[in-house]
Structures are given as C-alpha cells and as structure tokens.
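Presented below is the structure to which this report refers.
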C-alpha cells in the first residue's frame, strides 16, 4: 500500500514541478480581471471548473479573506496549477504571489528516485519560480519569487498578507524529524501582523491510529494541525466544513481518490477527499 501511495504522490509532485512550465500561459487580459468572481468565471478555467464541486474556490478563498492586491504565499504551487491559476491573476495587478516549496532534504526522503537530476530540476524550480508559473505573461513588473519553506529570506519578513496550504501539509509531518515546526516558524515571520494562514488538508479521523495519520497516507488529524500552528504562535480563528466529504472513509491512502485516480467508478463515486478547512491568525 505504501509503495502505491508513494508512486501516486510522486506522480502528483512531478506534475506540480513541471506542468506549469509547458501548459500554463496566463494572458494579460486574464490577469486584468480584478475580482475573485471575474477570475473564477474566466474561460481560462474551463478545464478546471469541474473540480469546483469539490474544492469550492469562491467560498474557500472568501473564508480566508483573500482579495485582489494582497501579497499571498502559496505552498506547493502547481499540481496542475489549479489554485495557482486563480491566485496568479487575482494578485497580479497590485499584489504579489510567493511560491513556497519543500527543501531538497524532504524531497529526498519522500522519493528513492530523488537523484542529482531531480535536485537540479528542483533548484531551477526554486530559482525561476516566475518562469515556472508563467508570470511574465501576467505581470512582468511583479515577478513571482520562490523559496524553500524552511529558509525564507529575512527580507521577506512581515511581507505576506496570507499564506495558503492547499493539500500540502501531510509531508511536513513525516519522517523522524518533522519539518512542520521549522516551516511554521518561517511562515510566522513571513506574515505581517494580523496576517492569515489558510489550510485545506486531507483529514484523518481523530480515532485513526498514529501511524496511519502520520502523513504517509496523505491524511493527518485536524487536532495535530491545530496543535502545530498553536506551537508556532498562531491562533485558530475559524474552521469550516465546506470542503468536508462524509463519503470518504479516510482509511486508505488518499491517492486512491480523484483527481489522482480517474479510472475507478467506485472511487469516482466517493469524490475528492474529506478535508479540514482552517483559518489561523498571526497576532
């Protein structure tokens, strides 16, 4: 089971690291759509809109308080560009989009195939995040910068209005020395006073065994996520069930479900994973 989960997760990560380079070109006209509703209704999203049923982007981003002109950091941007294609034009005119990815040490623990070539690709991904996310065609005067989440430069301290984790937290909890505390300390420094962290994450039942909810299967307990943010100094301000799915038993690896798996009628009937939606605030 773990081998299958790792293979599926790697396929998803490689998509995140490469797909926007070749497939995502956001036009200047698209960037100039100002409001969230205009961005969501633009024809550029026609291929992604089917996922709105499960991801509720309008309600989710409104819940997090995301508005045009903000400086927003997205953790693990990519994965086909689903939320990136919303955040990029939403922030392009007067705001800024920052990309945060995992450090090389975490990638190498996740995948046995993480070799020198993969490290080189990841380095290029970090150093050229603006090209990777096709920002040049959106807002040449506001290039997207990319950093590893464990080492954000001091010059960015206090610059972000919001940091968003879309299905990106489970790997931070894994392995012998979890990265979660270091990452959230860096996120805390990145945010302005009163800044927001929005989390949408695959949710394990509170009754789940610790080894199942460790992140290896994609699921973590909501209580573990809340505790990690509180250790970092954040306050849980609100939670929502808008991205919940009671049909997901959350007793197997998350990559069995769509959109990773699209060829199994049984899992298609379940839909996307059960997800917590949490809003934290930096005092």
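In our numbering, the protein residues as written are 157 to 439. Just so it is clear, CB atoms sit at the ideal spot from N, CA and C, and this is done for glycine as well. Keep in mind that this is a model prediction, so the values were computed, not measured.
**OP:** Give, in chain order, every unbroken run of the beta strand (DSSP E) that is at least 3 residues long and sits entirely within the region 309–372.
**Re:** Segments of the beta strand (DSSP E) lying fully in the region 309–372: 316–322, 347–360.
Original post:
Going by alpha carbons, who is nearest to residue 408 out of 399, 237, 426?
Top reply: 426
Subject >> Reduced DSSP secondary structure (H/G/I, E/B, other) of residue 439 >> reply: coil
Subject >> Beta-ladder partner(s) of residue 303, from DSSP >> reply: Residue pairing of residue 303 in beta bridges, as defined by DSSP: 256.
**OP:** Check the DSSP bridge columns for residue 391 and list the partner residues they point to.
**Re:** 437
Subject >> Nearest to residue 318 (by Cα), restricted to the options 330, 337, 346, 301 >> reply: Looking at the Cα atoms, 346 is the closest of the given residues.
Original post:
How about the region 407–424 and the region 298–318: do they share at least three Cβ pairs that are nearer than 8 Å?
Top reply: Because the criterion of three Cβ pairs below 8 Å is not met, the region 407–424 and the region 298–318 do not touch.
Original post:
Taking Cβ to Cβ, would you say residue 192 is nearer than 8 Å to residue 229?
Top reply: No, the Cβ-Cβ distance between residue 192 and residue 229 is not below 8 Å.
**OP:** Keeping to the same chain, check which residues put their C-beta closer than 8 Å to that of residue 381; ignore five residues upstream and five downstream.
**Re:** 325, 355, 357, 432, 434
**OP:** Mind reading off the beta-carbon distance from residue 350 to residue 438? Whole number of angstroms is fine, and I expect it under 8 Å.
**Re:** Correct: roughly 6 Å between the Cβ atoms.
Subject >> Within the region 206–243, ranges of the alpha helix (DSSP H) (whole runs, at least 4 residues) >> reply: 208–211, 213–220
Subject >> Helix, strand or coil at residue 193 according to DSSP, with G and I counted as helix >> reply: helix
Original post:
Alpha carbon to alpha carbon, how far is residue 320 from residue 353?
Top reply: 6 Å
Subject >> Which residues DSSP lists as bridging residue 264, in chain order >> reply: Paired residues: none, contrary to the question.
Original post:
On the three-pair Cβ rule with 8 Å, is the region 389–407 touching the region 215–227?
Top reply: The region 389–407 is in contact with the region 215–227.
**OP:** For the alpha helix (DSSP H) containing residue 414, list its first residue and its last residue.
**Re:** From DSSP, residue 414 is part of no alpha helix (DSSP H); its letter is neither H nor E.
**OP:** Could you spell out where the alpha helix (DSSP H) holding residue 422 opens and where it closes?
**Re:** In the DSSP annotation of this structure, the continuous segment of the alpha helix (DSSP H) that includes residue 422 starts and ends at 421–426.
Original post:
Among 406, 316, 246, 334, which residue has its Cα nearest to the Cα of residue 363?
Top reply: For the residues 406, 316, 246, 334, the minimum Cα distance to residue 363 belongs to 406.
Subject >> Distance between residue 335 and residue 224 (C-alpha atoms, nearest Å) >> reply: 31 Å
Original post:
Are the Cβ atoms of residue 254 and residue 316 separated by less than 8 Å?
Top reply: yes
Subject >> Rounded separation between residue 248 and residue 239 - CA only >> reply: 14 Å
Original post:
Exposed or buried, which one is residue 393 when buried takes at least 16 other CB atoms within 10 Å?
Top reply: By the 10 Å Cβ count, residue 393 comes out exposed.
Original post:
Under the three-state reduction of DSSP, which class applies to residue 379: helix, strand or coil?
Top reply: Looking at residue 379 - three-state DSSP - the assignment turns out to be helix.
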